[in-house]
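S.K.:
In this note's numbering, the protein residues as written are 931 to 1086.
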């Protein structure tokens, strides 16, 4: 699978968030060119602050491989990982991170900070901007809908 094909799978995952009102973020873990796990944000669904797509995909990949150490695995995600997810990436030894949209508020893979390439004993090369417009559009549509509903409620 190409990077774009894998990111399209992340986008499919992200679209599942609509059911629960979660921010549309999807993630997959790839090993040897095959997707071994997939997840989307489930914070609203589960009422768990840690239910980010990246953390869930890492947990599921660890179960598939029966190993917490995910060396040789790549994480693809529609939005640049935050500090919590970056910590999970470091702790799980993910080898590479590819993301779509940059996160100007919470991004820790180069936008606000580059946690994955700091002084820790594990570093993961990152690359952003894969299917950037498609990933950004998911987020823009989600937040536009929230604003529209907020305005509609305020005027009633």
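C-beta atoms are modelled at their ideal positions from N, C-alpha and C, and glycine is treated no differently.
(1) Extract the residue ranges of the beta strand (DSSP E) inside the region 972–1030, only unbroken runs of 3 or more that lie entirely within it.
(2) Taking C-beta to C-beta, are residue 970 and residue 991 nearer than 7 Å?
(3) Short of 7 Å in beta carbon distance, which residues of its chain neighbour residue 1003, apart from the five on each side in sequence? Order them along the chain.
(4) What first and last residue would you give for the alpha helix (DSSP H) that runs through residue 961?
(5) How many angstroms separate the CA atom of residue 986 from the CA atom of residue 974?
(6) Among the candidates 978, 931 and 988, whose CA atom is the shortest distance from the CA of residue 952?
M.R.: Taking the coordinates as given:
(1) 1003–1009
(2) What you label residue 970 is simply residue 40 of the chain shown in a count that begins at 1. What you label residue 991 is simply residue 61 of the chain shown in a count that begins at 1. Contact: no.
(3) Working through the chain shown from its first residue, we reach residue 1003 at position 73. In chain order, 959, 960, 961, 991, 1024 and 1025 place their CB closer than 7 Å to the CB of residue 1003, counting only its own chain and leaving out the 5 sequence neighbours on each side.
(4) Against the chain shown, residue 961 aligns to sequence position 31. Premise fails: residue 961 lies in the beta strand (DSSP E), 956–961, not in any alpha helix (DSSP H).
(5) Translated into positions along the chain shown, residue 986 becomes position 56. Translated into positions along the chain shown, residue 974 becomes position 44. Taking the Cα positions, residue 986 is about 14 Å away from residue 974.
(6) To locate residue 952, count along the chain shown from 1; it is residue 22. That would be 978, whose Cα lies nearest to the Cα of residue 952.
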